[in-house]
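Engineer:
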Amino acid sequence: MENQNTLYLNDLAKESLRVSARWCLFLAVLGFIGLALMLLVGLFWGFSTQSNPGFGIFGAAKKGIGVFYILCAAFYIPPVVYLYRYATATTEALRINSAESLAFALQNLKSHHKYLGISMIVLISLYILMVIGLVIYMMRMTRGF
Numbered sequence: 001m002e003n004q005n006t007l008y009l010n011d012l013a014k015e016s017l018r019v020s021a022r023w024c025l026f027l028a029v030l031g032f033i034g035l036a037l038m039l040l041v042g043l044f045w046g047f048s049t050q051s052n053p054g055f056g057i058f059g060a061a062k063k064g065i066g067v068f069y070i071l072c073a074a075f076y077i078p079p080v081v082y083l084y085r086y087a088t089a090t091t092e093a094l095r096i097n098s099a100e101s102l103a104f105a106l107q108n109l110k111s112h113h114k115y116l117g118i119s120m121i122v123l124i125s126l127y128i129l130m131v132i133g134l135v136i137y138m139m140r141m142t143r144g145f
């Protein structure tokens with residue numbers, strides 16, 4: 001019986017995947033660095049007002065900014081992890097010539113793109129809701145004059 005785990009790709013396909021994996025690894029590493037910076041900034045802003053209660057309302061705003069940065073970092077984790085998994089699994093698949101490893105890599109690439117696509121739909125929906133809210137607010141404000 002023929003080995004079902006053998007990967008058959010021509011040289012151009014292998015080289016394209018190899019280059020793609022390198023760039024994705026580079027972007028994933030930058031993503032992890034960005035995540036670390038976002039978490040550090042979030043923690044800094046969140047805890048910087050703990051020792052000085054004289055900030056008043058600005059202290060609450062700084063804590064809010066800190067929480068916002070930490071939440072952004074939390075939403076940024078999955079696509080970076082998917083990209084890293086794609087890069088490492090693709091490199092491994094090409095090294096050992098494994099269709100199973102390449103399938104895992106491509107599943108992670110699909111998940112990465114799906115996550116980004118859903119995120120864009122959510123963001124565009126939020127922008128539309130914000131514009132509608134702004135229009136309603138402006139209409140109410142102009143009635144008062």
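Number 98 in the numbering used here belongs to position 98 of the sequence shown; there are no gaps in the numbering. Don't be surprised by glycine CBs; every beta carbon is placed ideally from N, CA and C.
1. The alpha helix (DSSP H) spanning Leu25 covers which residue range?
2. Tell me the rounded alpha-carbon separation between Leu134 and Ser98.
3. Since Ser119 sits in a beta bridge, which residues does DSSP pair it with?
4. May I have the straight-line CA-CA distance separating Pro79 from Ser119, to the nearest angstrom?
5. I'd like to know if the stretch 81-95 and the stretch 64-71 are in contact, where contact means that at least 3 CB-CB pairs between them fall below 8 Å.
6. Could you pull out every residue in the same chain whose Cβ sits closer than 6 Å to the Cβ of Thr91, ignoring the five residues on either side in sequence?
7. Pull up the distance between the alpha-carbon of Tyr127 and that of Tyr8, whole angstroms please.
8. Please state whether DSSP places Thr88 in a helix, a strand or coil.
9. Should Gly137 go down as buried or exposed, given a rule of 16 or more other Cβ atoms within 10 Å for buried?
10. Alpha carbon to alpha carbon, how far is Arg140 from Ile132? Give it in angstroms, no decimals.
Structural biologist: Taking the definition as stated:
1. Here residue 25 refers to the residue found at position 25 when the sequence shown is read from its first residue. Where Leu25 is concerned, the enclosing alpha helix (DSSP H) stretches over Asp11 to Phe47.
2. The sequence position of residue 134 within the sequence shown is 134, counting from 1. The sequence position of residue 98 within the sequence shown is 98, counting from 1. Going by the C-alpha atoms only, they are around 54 Å apart.
3. In the sequence shown, residue 119 corresponds to position 119, counting from 1. Bridge partners of Ser119: none, in fact.
4. For the purposes of this step, residue 79 is taken as residue 79 along the sequence shown, with counting starting at 1. For the purposes of this step, residue 119 is taken as residue 119 along the sequence shown, with counting starting at 1. Taking the straight line from one Cα to the other gives about 10 Å.
5. no
6. As a working mapping, residue 91 is identified with position 91 in the sequence shown. Answer for Thr91: Ala21, listed in chain order.
7. Looking up residue 127 in the sequence shown gives position 127. Looking up residue 8 in the sequence shown gives position 8. One C-alpha to the other measures close to 45 Å.
8. To locate residue 88, count along the sequence shown from 1; it is residue 88. Looking at Thr88 - three-state DSSP - the assignment turns out to be helix.
9. Translated into positions along the sequence shown, residue 137 becomes position 137. A small correction: the amino acid at residue 137 is Tyr; Gly does not occupy that position in the sequence shown. Burial call: exposed.
10. Within the sequence shown, the letter at position 132 stands for residue 132. Within the sequence shown, the letter at position 140 stands for residue 140. Taking the straight line joining both Cα atoms gives about 12 Å.
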